[in-house]
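Visitor: Under numbering that gives the first Met the number 0, the residue at position 92 of the sequence shown is numbered 91, and the numbers go up by one with no gaps. Backbone N, C-alpha and C define an ideal beta-carbon position, used for all residues, glycine too.
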Amino acid sequence: MSDPRTDLVGLSRDELQAEMERIGEKPFRAKQLWQWIYHRGVTDFTEMSNISKSLHGKLADHFYISRPNISEELTSKDRTRKWLFKFDDNNEAETVFIPEEDRGAVCISSQVGCTLTCKFCHTGTQLLVRNLSSAEIVGQFMAARDSYGEWPSPPGDKRLLSNIVLMGMGEPLYNYDNVVKALKILMDQEGISLSKRRITLSTSGVVPEIRRLGEDADVELAISLHAPVDEVRNEIMPINKKYPLADLMAAVKDYPAAINARRVTFEYVMLKGINDSEADARALTRLVKDIPCKFNLIPFNPWPGSNYECSDRATQKKFVEILNRAGYTATIRVTRGQDILAACGQLKSESERTRCSRMKARIEAGIHDDEHALPASAVAQ
Numbered sequence: 000m001s002d003p004r005t006d007l008v009g010l011s012r013d014e015l016q017a018e019m020e021r022i023g024e025k026p027f028r029a030k031q032l033w034q035w036i037y038h039r040g041v042t043d044f045t046e047m048s049n050i051s052k053s054l055h056g057k058l059a060d061h062f063y064i065s066r067p068n069i070s071e072e073l074t075s076k077d078r079t080r081k082w083l084f085k086f087d088d089n090n091e092a093e094t095v096f097i098p099e100e101d102r103g104a105v106c107i108s109s110q111v112g113c114t115l116t117c118k119f120c121h122t123g124t125q126l127l128v129r130n131l132s133s134a135e136i137v138g139q140f141m142a143a144r145d146s147y148g149e150w151p152s153p154p155g156d157k158r159l160l161s162n163i164v165l166m167g168m169g170e171p172l173y174n175y176d177n178v179v180k181a182l183k184i185l186m187d188q189e190g191i192s193l194s195k196r197r198i199t200l201s202t203s204g205v206v207p208e209i210r211r212l213g214e215d216a217d218v219e220l221a222i223s224l225h226a227p228v229d230e231v232r233n234e235i236m237p238i239n240k241k242y243p244l245a246d247l248m249a250a251v252k253d254y255p256a257a258i259n260a261r262r263v264t265f266e267y268v269m270l271k272g273i274n275d276s277e278a279d280a281r282a283l284t285r286l287v288k289d290i291p292c293k294f295n296l297i298p299f300n301p302w303p304g305s306n307y308e309c310s311d312r313a314t315q316k317k318f319v320e321i322l323n324r325a326g327y328t329a330t331i332r333v334t335r336g337q338d339i340l341a342a343c344g345q346l347k348s349e350s351e352r353t354r355c356s357r358m359k360a361r362i363e364a365g366i367h368d369d370e371h372a373l374p375a376s377a378v379a380q
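1) CB-CB under 8 Å to Asp289, same chain, minus the five flanking residues each way: which ones, in chain order?
2) Go through its chain and collect everything with a Cβ distance to Lys85's Cβ below 6 Å, but skip five positions before and after it.
3) Tell me whether the stretch 164-184 and the stretch 207-226 touch, counting them as touching only if at least three CB pairs, one residue from each stretch, are closer than 8 Å.
4) Compare the Cα-Cα distances from Leu244 to each of Ser276, Val287, Tyr254 and report the closest residue.
5) Buried or exposed: which applies to Ser348, given that a residue is buried once 16 or more other Cβ atoms fall within 10 Å of its Cβ?
6) Short of 6 Å in beta carbon distance, which residues of its chain neighbour Gly213, apart from the five on each side in sequence? Order them along the chain.
7) Quick check: what's the CA-CA separation for Val333 versus Ile297?
8) Under 6 Å: does the beta carbon of Ala29 sit that close to some heavy atom of the ligand SAM?
9) What ranges does the beta strand (DSSP E) occupy inside the stretch 217-245, keeping only unbroken runs of at least 3 residues that lie completely in it?
10) Which same chain residues, not among the five before or five after His38, have their C-beta less than 6 Å away from its C-beta?
11) Which residues mark the beginning and the end of the beta strand (DSSP E) in which Lys85 is found?
12) So, using beta-carbon positions, are Ser382 and Asn177 closer together than 7 Å?
13) Which same chain residues, not among the five before or five after Arg461, have their C-beta less than 6 Å away from its C-beta?
14) Within 10 angstroms of its Cβ, does Ile198 collect 16 or more other Cβ (buried), or is it exposed?
15) Provide the residue span of the beta strand (DSSP E) that contains Met269, from first to last.
16) When you compare the CB positions of Ala260 and Pro291, do they come within less than 7 Å of one another, or not?
17) What three-state label does DSSP hand Pro207 in the structure shown?
18) Label Gly148 either buried or exposed according to how many other C-beta atoms from any shown protein chain fall within 10 Å of its C-beta, with 16 as the threshold for buried.
19) Give the DSSP-derived three-state secondary structure of Lys180 in the structure shown.
20) Report the option in Lys180, Arg262, Ala143, Cys117 whose CA atom is closest to the CA atom of Ala134.
21) Could you pull the start and end residues of the beta strand (DSSP E) that Leu172 belongs to?
22) Using 7 Å as the threshold, is the C-beta distance between Val137 and Ile184 below it?
23) Can you round the beta-carbon distance between Lys293 and Tyr327 to whole angstroms, since I take them to be within the 8 Å contact cut?
24) Give me the Cα-Cα distance between Phe62 and Lys240, rounded to the nearest whole angstrom.
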């Protein structure tokens, strides 16, 4: 049974203030709560020392401070950590922390499943179930901080969880309102206080929302590109049929990062015999001409049932050399967390893997019923 109280996580400042007024409290209470929730990471009202004991009970009667439940937590041999989070409706999404020597990035999901069906992506084989709420998006980062004991919010140069990348399950710009609301909470200077330069949103190319994002949040932009020409991109990324490369490049050129000479990142999965030729590399340099950018080349991470192979090392190095000679920074991403299926393109909730396996078995056995049908939201797009 769902909690009838209101979750304070995910509310904007104005919404939090309105909730305080609703229960007859002064607006300044909202500021106090904001700092306890987002600066100190507190989930229990009784720990809020500058709030009276009588108000503790009143707040607990009306509100709660959520975290997603952890169904599974795995740590790779390379220290990458992955969480499978379960939400109130029993849907699940995955989050990954990718550590460096003294800092690291939390890779956050924006949807349960994905609507894009990119051919090389494991997550894309899971149909879209629903969007995540702003609370569920922010909650992933907060739960990751809980796991590492990183409360209260340390100064920027002392954070282990120093960056956020919206590169997990889902297309963040197809959940635009909730994602932008979450970003504003994460960037608020009196709470978690992450700089917009430490947040990167990765999109497959939802052109109209790229333009809105520049106005509303101006975080760093990464484009899941993966092909230099429409013919190939149409095949491996069906979204290109709606927003072809010419439209996508025009939107990127207008994004504040590009206008202000901050480099946009182009992500490019290396697929053997598909997009990795020397001609492809040269076409790529022509495509991004006049855009301040860098390239993140991603070795393809195999997953069960995939039809692609990773380009060999020599091909990857030649591809990088061509980009470098044209004046672009290009790096080959070091694959992390592969042993726990936490690498790029491998995220897919275990509950969905299990459910799909059961559905397949039932279909093969000739059993069809409404109880095991996919929800309507999973096929709406």
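Guide: Taking the geometry as given:
1) Lys252
2) Asn68, Ser70, Glu91
3) yes
4) Val287
5) In this prediction, Ser348 scores a pLDDT of 47, lower than 50, which makes its location untrustworthy; the coordinate-derived value is nonetheless stated afterwards. It counts as buried.
6) Tyr254, Pro255
7) 8 Å
8) This structure lacks the ligand SAM, and indeed carries no ligand of any kind.
9) 219-223
10) Pro151, Ser152, Gly190
11) 80-85
12) A question about residue 382 goes unanswered here, because the residues of the chain that appear run from 0 up to 380.
13) Residue numbering for the chain in the displayed model covers 0 to 380; residue 461 lies beyond these limits and cannot be assessed.
14) buried
15) 263-269
16) yes
17) helix
18) exposed
19) helix
20) Lys180
21) It is not in any beta strand (DSSP E) - Leu172 carries neither H nor E in the DSSP assignment.
22) yes
23) 7 Å
24) 45 Å
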